[in-house]
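Have a look at the structure below before the remarks.
Protein chains in written order, with our numbering: chain A, 1 to 222; chain B, 223 to 444.
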């Protein structure tokens, strides 16, 4: 039996969603974030890194979204619905690219932005102007321009493709979803500039498996 | 003809190394970092994100280390030397896990550390104590404990396995190499605690293809 350890409002939402798409039986344990918005220490008892997702499979604990997705597809996607076949070159390339890109290139920028926001929030009054100025400097020099370029890449791709891997929904959409939700947090993406991304987001969230995942794991909120 | 755009002291070293392992013909263009230790703007003319590696393939530009590795293996690893077969489950899992983990979970911590080091270096004298205190807080709460846990995971894995995917060298070693070099920067890893990691590093760097990559792309220095 698969056993997913899910942290509220985190990367592990993806794995609930994929398990629901696959229609696999699994046991789910949900954890809340602590006051510092971190994973509770109880997750470290399951795996020392203490990050979600964690998927127990026959007394082993698998971590890392991209790997867990590939593992589940290899073993449970018996009808080959969620990953393009190797000989469908264009779709295989798109799937493989976005699967890596979501966590390696998009999420680090969003996490860096979150870290600096927390640093400013937690700074004592006297230090706040300095920590704000540091945040603004990093936001300007490292984060916002790269994110704008990345969003433009996504927008162009979703103008030409219904889903990230092409015509068919795949696990690349699941992997990218959190990155898009993160980029859409706060002021929200400009709907005149990012109409294709926002329409894709709507299509994702209209899927039955997505709705079941939300009922079980809670709504993502940033 | 493949054309690799390589930035000195960056992730694109991996792709030179893999191309040398594969024995493929390729054209190489090397770029130096600017004074702010960033990629030069000329790379943005090749791909708007401006990050290395960038691999031109028939007038298309591929980015993202994990994807480029998978692409090159799919098309050029004709003797199937650098990725375990799907039916070698243990090796396939290890390969897939470390291929994702390197960029999604290890590199973001090292990049965050580098960003905070640069912030402190570039702070005016009056602000330096505050920026140092912010750096120390993030280092303590976010970076060092996670890196210690990750290094312990690697050390245990390399105690039981000669290479990251198991008994055989694979592209997972290439993907992990930069992460280990980054973690070994500065004071260096404690050789009594991380003997297996350091021995693995030595084995990597003794490979002929690695030596050729260094001759062409320069030595990684952090």
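Here a beta-carbon is modelled for each residue, glycine too, at the ideal position from N, C-alpha and C.
Just so it is clear, the structure is predicted and the values come from calculations on it, not from any experiment.
- In the assembly as shown, residue 131 (chain A) is a buried residue. Its beta-carbon has 16 or more other beta-carbons within 10 Å.
- With respect to the C-alpha of residue 270 (chain B), the residue from A:89, A:207, A:150 and A:198 having the closest C-alpha is A:150.
- Contact of residue 97 (chain A) with chain B is assigned, a C-beta pair being separated by under 9 Å.
- If the five residues before and after residue 290 (chain B) are omitted, its C-beta is found closer than 7 Å to the C-beta atoms of 237, 275, 277 and 284, all from its own chain and listed in chain order.
- In this structure, the CA atom of residue 9 (chain A) is about 15 Å from the CA atom of residue 28 (chain A).
- Residue 441 (chain B) is classed as exposed because its beta carbon has fewer than 16 other beta carbons within 10 Å across all chains shown.
- In this structure the region 418-430 of chain B does not touch the region 332-351 of chain B; the number of beta carbon pairs closer than 8 Å is below three.
- Distances from the CA of residue 374 (chain B) to each of B:395, B:359, B:415 and B:386 were compared; the closest alpha carbon is that of B:415.
- Separation of the CB atoms of residue 298 (chain B) and residue 394 (chain B) is rounded to 17 Å, and the pair is thereby denied contact status at 8 Å.
- Segment contact: the region 36-44 of chain A against the region 92-110 of chain A, fewer than three CB-CB distances shorter than 8 Å; contact not assigned.
- In this structure, the alpha-carbon of residue 287 (chain B) lies about 38 Å from that of residue 129 (chain A).
- The beta carbons of residue 402 (chain B) and residue 419 (chain B) sit about 6 Å from each other, so the pair counts as a contact at 8 Å.
- The Cβ atoms of residue 241 (chain B) and residue 261 (chain B) lie no closer than 9 Å to each other.
- Taking 9 Å as the cut-off, the beta carbon of residue 342 (chain B) is found no closer than this to the beta carbon of residue 369 (chain B).
- For residue 64 (chain A), at least one C-beta of chain B is nearer than 9 Å to its own C-beta.
- Listed in chain order, the beta strand (DSSP E) elements of length 3 or more contained wholly in the region 249-314 of chain B are 276-279 and 282-285.
- Just so you know, the alpha carbons of residue 176 (chain A) and residue 407 (chain B) end up roughly 32 Å apart.
- Chain order gives no chain B residues near residue 181 (chain A), where near means a beta carbon separation below 8 Å; the closest approach is about 17 Å.
- Residue pairing by DSSP places residue 388 (chain B) opposite B:385 in a beta bridge.
- Secondary structure at residue 244 (chain B): helix, using DSSP grouped into helix, strand and coil.
- Excluding residues up to 5 positions away in sequence, 17 and 204 lie with their Cβ nearer than 7 Å to the Cβ of residue 210 (chain A) in the same chain.
- Annotated as distal: residue 31 (chain A) and residue 3 (chain A), with beta-carbon spacing of 9 Å or more.
- Taking CB atoms only, residue 190 (chain A) has no neighbour in chain B less than 9 Å away.
- With fewer than 16 neighbouring CB atoms inside 10 Å of its own CB, residue 223 (chain B) falls in the exposed class.
- Judged by beta-carbon spacing, residue 104 (chain A) lies beyond the 9 Å limit of residue 168 (chain A), meaning their Cβ atoms are not closer than that value.
- Within the region 98-109 of chain A, contact with chain B at the beta-carbon level (separation under 9 Å) is assigned to 98, 99, 100, 101, 102, 103, 104, 105, 107 and 108.
- Beta-bridge analysis with DSSP links residue 224 (chain B) to B:248.
- Counting along the chain, residue 203 (chain A) sits inside the alpha helix (DSSP H) bounded by residues 195-205.
- A residue is called buried once 16 or more other Cβ atoms fall within 10 Å of its Cβ, and residue 302 (chain B), having fewer, is exposed.
- Sorting A:74, A:141, A:166 and A:87 by C-alpha distance to the C-alpha of residue 310 (chain B) places A:74 at the top.
- In summary, the residues of the region 40-55 of chain A whose CB is separated from some CB of chain B by less than 7 Å are 48 and 49, in the order they occur in the chain.
- Contacts between residue 146 (chain A) and chain B, judged by CB atoms closer than 9 Å, involve 271, 272 and 273 in chain order.
- Contacts between residue 347 (chain B) and chain A, judged by CB atoms closer than 8 Å, are missing: the closest CB pair is about 13 Å apart.
- Assigned with DSSP and collapsed to three states, residue 348 (chain B) falls in coil, not helix or strand.
- Nearest to residue 50 (chain A) by alpha-carbon distance, out of A:5, A:13 and A:57, is A:5.
- For the region 294-308 of chain B, the set of positions with a beta-carbon nearer than 8 Å to some beta-carbon of chain A reads 296 and 308 in chain order.
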